[in-house]
Each structure stands twice: as C-alpha cells, then as structure tokens.
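According to my numbering, the stretch in the sequence shown is residues 70 to 408, in order. All residues carry an ideal CB built from backbone N, CA and C; glycine is no exception. Here the structure is a predicted model, which means the values were calculated and not measured.
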Amino acid sequence: MSDSLWQDRPVVLPWLKGRWEYLLELKAQNRFPHALLINGPEGTGKACFALALANYVLCRNPQGGAACGRCRSCELTGSGGHPDLYQLKPDEPGKPIKIDQIRELTDFIYSTAQQGGYRVVIIDPADSMNINAANALLKMLEEPGSNTLLMLLTHRLGQMLPTIKSRCQRVDMPPADVSLATQWVATQLEVDASEAAQLLVIAHNSPLQALAYKQDDLLGLRAKVLKGLADILKSRSSSVEVAQSLYKEDLELVLGWIYSWTVDIARSSQGQADPELLRHADAKNMLLALARKVSSRKLYGFADQVQAARKDLMFRRNPNKQLLMEKLLNDWYSLPRAN
Numbered sequence: 070m071s072d073s074l075w076q077d078r079p080v081v082l083p084w085l086k087g088r089w090e091y092l093l094e095l096k097a098q099n100r101f102p103h104a105l106l107i108n109g110p111e112g113t114g115k116a117c118f119a120l121a122l123a124n125y126v127l128c129r130n131p132q133g134g135a136a137c138g139r140c141r142s143c144e145l146t147g148s149g150g151h152p153d154l155y156q157l158k159p160d161e162p163g164k165p166i167k168i169d170q171i172r173e174l175t176d177f178i179y180s181t182a183q184q185g186g187y188r189v190v191i192i193d194p195a196d197s198m199n200i201n202a203a204n205a206l207l208k209m210l211e212e213p214g215s216n217t218l219l220m221l222l223t224h225r226l227g228q229m230l231p232t233i234k235s236r237c238q239r240v241d242m243p244p245a246d247v248s249l250a251t252q253w254v255a256t257q258l259e260v261d262a263s264e265a266a267q268l269l270v271i272a273h274n275s276p277l278q279a280l281a282y283k284q285d286d287l288l289g290l291r292a293k294v295l296k297g298l299a300d301i302l303k304s305r306s307s308s309v310e311v312a313q314s315l316y317k318e319d320l321e322l323v324l325g326w327i328y329s330w331t332v333d334i335a336r337s338s339q340g341q342a343d344p345e346l347l348r349h350a351d352a353k354n355m356l357l358a359l360a361r362k363v364s365s366r367k368l369y370g371f372a373d374q375v376q377a378a379r380k381d382l383m384f385r386r387n388p389n390k391q392l393l394m395e396k397l398l399n400d401w402y403s404l405p406r407a408n
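Structure (structure tokens):
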C-alpha cells in the first residue's frame, strides 16, 4: 500500500542511490541482466525505482545517470503510454495475478520493440502471482528475447518460487537511512524534523508509509486501534465489538501495529518498565500498565499468535477476518487476567 503512493513517479529516492549506481555500472559494462528481482521492505520506494529504471533503459539519450526527459521515448513514458513498457498488477488490490494475465504478456515479450530499443515489464507485486501464473512466467525468464528487461518487485521474498528466484538477478533494497529518511519526510510533508522522526518510528522506518500516515489519515486508524485495545482491557467494549469495527480495515497494517506494541511491552521487564524502551510514546500508558501485569513469556506468546495471523493474511489462506480478529482480541483481553 505504501509503495503505491509513488508508484507512478520515476524517482530514485535518496537511500536507494547506491543500488541505482550499481545497476547503471552493470549496464555500462554490458552485464545488464534480463530479469531483476527487486526485493525490499514496503514503503522504501521499489515501485518508483523500477519505473525510473524503465525510463532509463527506454530513453534514447540518457544523460548523467538518468533519462534525458526530452526524447520521444521519454515523452511516451511521461504520458503513461509507452508501447514498450508493460506494467502488470493484480486486477484488484489484494487479488492474485492470474495465468491469463501472464499469457497476455507473452505477445508483448516476443514482439519487436516499437521504439526500436528495449521492451520492459514491471510485475508488482510479483509475490501475488498464483502458482499457475508463476509457472507460466518461467519460460519467459528462461527465453526472454533480446533487449528485454523484466522487473519483479516483492517485499515477501519467501513467497516467491525458488525457480523464479533462480532465474533473476536479485537486488535487495536497503532499509532507508534514518537521517536521509527523516530529512526527506520532513521536506515532503513540510513538517519539522522531530515530527518526521516520530512518523518514521511509527512507520517502522518506512518513509512512504510515514507519508501515508500523514496524508491518508492512517494516524486516525492507528488511534482507533489503540482506543479499541484500551477499551477491551477496561471492559468498555467487548472483543467482538472491536473486531467488528476493525476487520474491514487493512488488517496487515493493524496486526503489524498490534505486534509492534506487544513486543514493546515484552521488552519492558515486569515491574521495571522503562518508558524510554518504548518506541510508541503515544501508547506508553497502556503499554506500561500491561508490562507491570503480564510476564514477558505471555507477551511473546501473544506476539507469536499475531505473527501467525499476519502470515495467514499474507499468504492468502483466506481466513475469516472477523473471526481472526475476535480470537486475537479475546486473547488480548485475557492477557492481564490469565493465571
């Protein structure tokens, strides 16, 4: 979700400059791969990096390590209508990429480039391909044709088929440098460095996620989740009521917050809770209260449950989202009450 904020902008964000220079050096040495597996955390700029690389290889006159922005090819990419650039996504967010979509890609891959240069394919997220789609892609990776570049983007490397991974050159996107990311977020949002730093903490150092928190009112959703958890502990609302209010939200995001908060509590030893150990300062009262009452063993056990639920969602095991949330929130309610 967070990467999608900038997916239509061909920009290399500051913390990815090293990876950019590495790939351009490969191209200059005529060692440029035909398939790249671009792997890295959500919200670090993989999508806009891939689009910038597509623009670069399609450009007829790249200059200074970037597309020129003036040639016919750059005009076409800028308008979103370049005939030699194919961007493949699920039909709907959260749905798989299907074999029919890969079959439609075949004609593009094996056709002649209309502008006489590269043909470029961006598959995002590549981990959303179902097994049939992934197997259909294998032949293209084995025999892609000349002047072809396929870029597969993922933040769930473990979900990719080993045969797909072995046929691509893997490019790992590094976590954003904290100093660079803080400065960048502050500039983008026109806020001071302290607010940018706090947003990055909440967003687990994901700069694009930090933007989303501010721009898409995810801070409001986060506050709603915190209030729901507090209301459950104080018996102001039941687990079922809070689950009903949350299960239609972005549960991967919600469960990520709950996991992070639980780990924060567990890090503070019982009876010796230190507010400075807690990364989520706005939630510290509730977290510290739990830290005093619940053993770290129980907390880490609950964190494991949350992670298991996240995997059920991530690997598309089609859980009943409302029941999943009800069970987790009922266990949350029981934490300070269990023997």
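In this structure, the straight-line span from the alpha carbon of L157 to that of E212 is close to 19 Å. M209 has its alpha-carbon roughly 22 Å from the corresponding atom of D241. In this structure, C128 sits away from L82, with a CB-CB distance that is not shorter than 8 Å.
In the DSSP assignment, L356 falls within the alpha helix (DSSP H) that extends over K353 to K362.
Per the C-alpha coordinates, the member of A123, N354 and A312 positioned closest to G150 is A123. Contact check for I166 against N204 fails: the beta carbons are separated by 8 Å or more. Of all alpha-carbon atoms in V247, R366, A245 and M355, the one lying nearest the alpha-carbon of G297 is that of M355.
Distance from T113 to A245 at the Cβ level is roughly 6 Å; contact confirmed, criterion being Cβ atoms closer than 8 Å.
A check of alpha carbon separations from R236 across S329, I301 and P102 identifies P102 as the nearest.
About 11 Å separates the Cβ atoms of V254 and A281, ruling out a contact at the 8 Å cut-off. Residue state for R172 is assigned as helix, using DSSP reduced to three classes.
Contact check for L322 against K234 fails: the beta carbons are separated by 8 Å or more. Under the DSSP assignment, D381 falls in the alpha helix (DSSP H) whose first and last residues are S365 to M383.
Taking 8 Å as the upper bound for CB-CB distance, G134 and L93 are in contact here, some 6 Å apart. Sequence-distant partners of N130 (beyond 5 residues in either direction) whose C-beta falls short of 8 Å from its own C-beta, in its chain, are C137, R139 and C140. As the crow flies, the alpha-carbon of V311 is around 10 Å from that of N399. Counting C-beta pairs closer than 8 Å gives three or more between the region 216-235 and the region 187-202, which meets the contact rule.
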